[in-house]
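One structure is given below, encoded as structure tokens.
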């Protein structure tokens, strides 16, 4: 028996198992029916996440269709990730963290200049990771849409105040996503060091695909 | 031979469009028809704000319920939207006209401004840290950055049908056509904002739609801060609970205006917004 607690409850056949280093991009094809588990190894590590249809990568995750379909901003166990064509792409089948964000978008060199000042322009950012990973499959800047931020906490207050605040994740917590179609998952293991989304300390995450 | 295979002069008279010149006369007789929902060329409006010259008008159109329109607007142009009857919903896609890979980024728009709701003084931001539009005046207060627009699947579920060719066109397919008119494709239609129909976010994340219908004549005034392509789809809000496809005409008026100056109060209202304007000014420093 495996003593690896990160594998608990997954289907028996592990197809892929990889540790994504802090600050790095990751791209992987996940077939319909397979489960992707993302493990927040050290806690409060934002995992910026995009997903494309493998058959037609102009069909991709749509944050607005996803939240409109469920009438709620937060992604939880049971949420279906919807495409820009209104079709289910993946379903969150389990989540040890209560909710995840999909309104905060990805950090970029350019938005960092607005949020923190032009002295941060040189720093690595999620959009750089999304671009780098997508470029290998012929996608580019037009393909970077509003994303998911797993393990990231963005509350909206009654007066409309909104912001990335301290996370609600912890070391070893994970979530599972079941692919509802053949998909390409593109991740940025968020390198942001100017806000609490990574507890100011980007750390590795583990990606496990099982079937 | 039978009569049907040998047209007589009498049957030609019975079909007045049987020759090209008759068809031309028929088509030309339609010219000059005026309806509510149409563009006015050259643009003309009798209700321009004081100080705006009629010669500066660049766009006057009333977009039909379920319709869409697109326009190229120069930096400094003012864009006024009027919900004429209280049930319009203006979905907006915006691109940098010079480089359409740069476009409206709804996530950055709310995140950078630390606020979920659009209103006077708020900015529409690009994915490149720049400002596409400032909201100069807002007589509505019910707008939406979160729920996007309808698509073929949502309209089929609600109205039984949702194609561009049908009676209940969906917002995404309207945007796709609008984008295509500028050489853009499915990859270029990203999350949008909705003006006039709003959402309120509850503490547990629930999205409460604010659908109205509202008082007729509510207005929003935007100011283009870059050269932009704007596509406007006037379709029911995706969370509109009504079973009928309900939407009313949307009036659009635009006129030339000065580029935003260094002492502009919206430009200088917040440190984040100011840096976005600094990025715009840097982009145009050529």
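Residue numbers (this note's numbering), protein chains in the order written: chain X, 1 to 211; chain E, 212 to 497. For each residue, glycine too, the CB sits at the ideal point set by N, CA and C. Quick caveat, the model's predicted, so the values are computed rather than measured.
- Message: Is residue 416 of chain E close to chain X? Criterion is C-beta to C-beta, closer than 8 angstroms.
- Response: Residue 416 of chain E sits at position 205 when you count from the first residue of the second chain. Cβ-Cβ to chain X under 8 angstroms: yes for residue 416 of chain E.
- Message: With H, G and I counted as helix, E and B as strand and the rest as coil, what does DSSP make of residue 317 of chain E?
- Response: Taking the first residue of the second chain as position 1, residue 317 of chain E is located at position 106. The answer is helix: DSSP assigns residue 317 of chain E an H, G or I state.
**Prompt:** By how many angstroms is the C-alpha of residue 270 of chain E removed from the C-alpha of residue 30 of chain X?
**Reply:** Along the first chain, one-based indexing puts residue 30 of chain X at 30. Along the second chain, one-based indexing puts residue 270 of chain E at 59. Going from the Cα of residue 30 of chain X to the Cα of residue 270 of chain E covers about 48 angstroms.
- Within 10 angstroms of its Cβ, does residue 465 of chain E collect 16 or more other Cβ (buried), or is it exposed? Against the second chain, residue 465 of chain E aligns to sequence position 254. Buried: at least 16 other Cβ atoms inside 10 Å.
Exercise for the section: Mind checking who residue 443 of chain E pairs with in its DSSP beta bridge? Expected result: In the second chain, residue 443 of chain E corresponds to position 232, counting from 1. Answer is E:280 and E:303, bridged to residue 443 of chain E.
In chain order, which continuous runs of the beta strand (DSSP E) of length 3 or greater are located wholly inside the region 327-359 of chain E?
334-336 and 342-349
field: Start-to-end residues for the beta strand (DSSP E) that takes in residue 94 of chain X
entry: Within the first chain, the letter at position 94 stands for residue 94 of chain X. Residue 94 of chain X -> beta strand (DSSP E) spans 88-95.
* Looking at the C-beta of residue 160 of chain E, does it have a partner C-beta in chain X at a distance below 8 angstroms? -> What the structure shows of chain E is the stretch from 212 to 497, and residue 160 of chain E is not part of that stretch, so it cannot be assessed.
Discussion item. I need the straight-line Cα distance from residue 20 of chain X to residue 26 of chain X, nearest angstrom please.
Written reply: In the first chain, counting from the first residue as 1, residue 20 of chain X sits at position 20. In the first chain, counting from the first residue as 1, residue 26 of chain X sits at position 26. Each residue's Cα considered, the two are about 7 angstroms apart.
Query raised in the report: Is the region 359-379 of chain E touching the region 407-416 of chain E in the sense that three or more CB pairs, one from each, lie closer than 8 angstroms?
Result: no
How would you call residue 313 of chain E, buried or exposed, if buried means at least 16 neighbouring beta carbons within 10 angstroms?
Taking the second chain and counting its residues from 1, one reaches residue 313 of chain E at position 102. Classification of residue 313 of chain E: buried, given that the 10 Å Cβ count is 16 or more.
Quick check for students: name the residue ranges of the alpha helix (DSSP H) that lie wholly in the region 35-72 of chain X, counting only runs of 4 or more.
63-70
For this session: Give every residue of the same chain whose Cβ lies closer than 6 angstroms to the Cβ of residue 407 of chain E, excluding the five residues on either side of it in the sequence, and list them in chain order.
Result: By 1-based counting over the second chain, the position of residue 407 of chain E is 196. Same-chain partners within the cutoff: 294, 299, 300, 301 and 351.
- prompt: Under 8 angstroms Cβ-Cβ, which residues of chain E neighbour residue 99 of chain X?
  reply: Against the first chain, residue 99 of chain X aligns to sequence position 99. Result: 416.
Practice item. Just tell me which of E:449, E:483 and E:405 has its CA closest to the CA of residue 571 of chain E. Key: The requested residue 571 of chain E is not part of the displayed model; chain E covers only 212 to 497.
On the CB-based measure, 16 or more other CB atoms within 10 Å of its CB, does residue 136 of chain X come out buried or exposed?
Along the first chain, one-based indexing puts residue 136 of chain X at 136. So residue 136 of chain X counts as exposed.
| field | Presumed contact (8 angstroms Cβ cut-off) between residue 334 of chain E and residue 487 of chain E, rounded CB distance | value | As a first step, residue 334 of chain E must be located in the second chain, where it is residue number 123. As a first step, residue 487 of chain E must be located in the second chain, where it is residue number 276. That belief holds up - the Cβ atoms of residue 334 of chain E and residue 487 of chain E are roughly 6 angstroms apart, short of 8 angstroms.
Worksheet entry | Under 8 angstroms between C-beta atoms of residue 389 of chain E and residue 444 of chain E | Here the question's residue 389 of chain E lines up with position 178 in the second chain. Here the question's residue 444 of chain E lines up with position 233 in the second chain. A contact, by the Cβ cut-off of 8 angstroms.
Practice prompt. Could you pull the start and end residues of the beta strand (DSSP E) that residue 420 of chain E belongs to?
Written response: Along the second chain, one-based indexing puts residue 420 of chain E at 209. Run containing residue 420 of chain E: 418-421, per the beta strand (DSSP E) assignment.
| message | Please confirm whether residue 222 of chain X has its beta-carbon closer than 8 angstroms to some beta-carbon of chain E. | response | This structure does not reach residue 222 of chain X, given that chain X is present from 1 up to 211, and the question cannot be answered.
Closer than 8 angstroms to chain X by CB, residue 377 of chain E: What you label residue 377 of chain E is simply residue 166 of the second chain in a count that begins at 1. Chain X contact via Cβ: absent.
Quick check on residue 103 of chain X - is its C-beta less than 8 angstroms from some C-beta in chain E?
Translated into the one-based positions of the first chain, residue 103 of chain X becomes position 103. Closer than 8 angstroms: yes.
Inset, instruction - Starting from residue 113 of chain X, find everything on chain E with Cβ-Cβ shorter than 8 angstroms and list it in chain order. - result: As a working mapping, residue 113 of chain X is identified with position 113 in the first chain. What residue 113 of chain X touches in chain E: 340, 486 and 490.
Between the Cα of residue 392 of chain E and those of E:247, E:279, E:232 and E:257, spot the shortest distance and give me the residue it belongs to. Counting from one through the second chain, the residue named residue 392 of chain E turns up at place 181. Closest option to residue 392 of chain E, Cα to Cα, is E:279.
Item to check | Interface residues of the region 173-185 of chain X facing chain E [CB-CB below 8 angstroms] | outcome: none
Just curious, the beta strand (DSSP E) that residue 409 of chain E is in, first and last residue?
Counted from its first residue, the second chain places residue 409 of chain E at position 198. Note, residue 409 of chain E: beta strand (DSSP E), 409-412.
inquiry  = Rounding to the nearest angstrom, what Cα-Cα distance links residue 125 of chain X and residue 164 of chain X in this structure?
reply    = Reading the first chain from its first residue, position 125 is the one you call residue 125 of chain X. Reading the first chain from its first residue, position 164 is the one you call residue 164 of chain X. Taking the straight line from one Cα to the other gives about 15 angstroms.
Check: Between residue 479 of chain E and residue 463 of chain E, what straight-line distance do the alpha-carbon atoms span, to the nearest angstrom?
Finding: Numbered from its first residue, the second chain carries residue 479 of chain E at position 268. Numbered from its first residue, the second chain carries residue 463 of chain E at position 252. Using only the alpha carbons, I get a separation of about 28 angstroms.
| So what does DSSP say about residue 214 of chain E, is it helix, strand or coil? | Reading the second chain from its first residue, position 3 is the one you call residue 214 of chain E. Since pLDDT at residue 214 of chain E reaches only 48, below the 50 mark, its modelled position is unreliable, and no value is offered.
**Prompt:** Which first and last residues belong to the beta strand (DSSP E) in which residue 113 of chain X is found?
**Reply:** To locate residue 113 of chain X, count along the first chain from 1; it is residue 113. Counting along the chain, residue 113 of chain X falls outside any beta strand (DSSP E), though it belongs to the alpha helix (DSSP H) covering 109-115.
Check whether residue 205 of chain X and residue 40 of chain X have beta carbons under 8 angstroms apart: Here residue 205 of chain X is taken as the residue at index 205 of the first chain, counted from 1. Here residue 40 of chain X is taken as the residue at index 40 of the first chain, counted from 1. Yes, Cβ-Cβ distance for residue 205 of chain X and residue 40 of chain X is below 8 angstroms.
From residue 214 of chain E to residue 243 of chain E, what does the alpha carbon distance come to, in whole angstroms?
Within the second chain, numbered from 1, the residue matching residue 214 of chain E stands at position 3. Within the second chain, numbered from 1, the residue matching residue 243 of chain E stands at position 32. Confidence at residue 214 of chain E is low in this model, with a pLDDT of 48, below 50, so the placement of that residue is unreliable and no value is reported for it.
For this session: Closer than 8 angstroms by C-beta to residue 485 of chain E: which residues in its own chain qualify, once you throw out the five before and the five after it? Chain order, please.
Result: Sequence index remark: in the second chain, residue 485 of chain E carries index 274 (1-based). So the qualifying residues of the chain are 478 and 479.
**Message:** Please list the terminal residues of the continuous alpha helix (DSSP H) segment that includes residue 365 of chain E.
**Reply:** One-based indexing of the second chain puts residue 365 of chain E at position 154. Where residue 365 of chain E is concerned, the enclosing alpha helix (DSSP H) stretches over 363-370.
When the cut-off is 8 angstroms and only beta carbons count, does residue 47 of chain X lie next to chain E? In the first chain, the residue the question calls residue 47 of chain X occupies position 47. It does not; no Cβ of chain E falls within 8 angstroms.
> Which class does residue 238 of chain E belong to by DSSP, given the choice of helix, strand or coil?
Replying inline: Mapped onto the second chain, residue 238 of chain E falls at position 27. Reduced to three states, the DSSP call for residue 238 of chain E is helix.
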